[in-house]
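In terms of our numbering, the sequence shown has 65 at position 65, counting the first letter as 1, and numbering is strictly consecutive. The beta-carbon is built from N, C-alpha and C at its ideal position, and this holds for glycine as well. Here the structure is a predicted model, which means the values were calculated and not measured. A short worksheet on the structure shown next.
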Amino acid sequence: MVVSVREGKAYSISSLLPDELMSITVKNVGGEFSSYFCSRHVGDKLRISPAYGDFNPQTERPLVGIAAGCGLSPIWSVLAEF
Numbered sequence: 001m002v003v004s005v006r007e008g009k010a011y012s013i014s015s016l017l018p019d020e021l022m023s024i025t026v027k028n029v030g031g032e033f034s035s036y037f038c039s040r041h042v043g044d045k046l047r048i049s050p051a052y053g054d055f056n057p058q059t060e061r062p063l064v065g066i067a068a069g070c071g072l073s074p075i076w077s078v079l080a081e082f
């Protein structure tokens with residue numbers, strides 16, 4: 001797939017770490033990637049890259065988390081681990 005226009009991330013991994021299968025939450029915003037994801041069917045295979053970025057909630061200091069939209073999905077799985 002060749003992407004011609006930069007698109008925001010309208011999808012996120014939303015499964016918990018011990019889950020056997022990975023869940024992806026997608027908001028169809030009409031872009032190339034979100035439309036592609038939303039047109040998939042049970043049993044379709046996807047090639048994914050490793051996670052990137054930094055998020056480490058393990059600290060002695062109090063934390064405040066703010067999330068909205070598609071960003072809420074991975075936060076739910078992080079909170080479920082506590």
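Practice item. Can you say whether S73 is buried or exposed, counting buried as having 16 or more other CB atoms within 10 angstroms of its CB? Key: So S73 counts as buried.
Review point. Roughly how many angstroms lie between the CA atoms of Q84 and L79, to the nearest whole one?
Key: The requested residue 84 does not occur in the structure, where the chain is confined to residues 1 to 82.
Point to revise | Reduced DSSP category for I24 - H, G, I as helix; E, B as strand; rest coil | key: strand
Exercise for review: Answer with buried or exposed for A68, where buried requires no fewer than 16 other C-beta atoms within 10 angstroms of its C-beta.
Suggested key: A residue is called buried once 16 or more other Cβ atoms fall within 10 Å of its Cβ, and A68, having fewer, is exposed.
Exercise for review: Measure the C-alpha to C-alpha separation of S35 and V29 and round it to an integer number of angstroms.
Suggested key: 7 Å
Exercise for review: On the DSSP bridge assignment, give the partners of S34 in chain order.
Suggested key: Note: S34 sits in no beta bridge, so no partner.
Review point. When DSSP builds the beta bridges, which residues end up paired with I48?
Key: None, per the DSSP bridge assignment.
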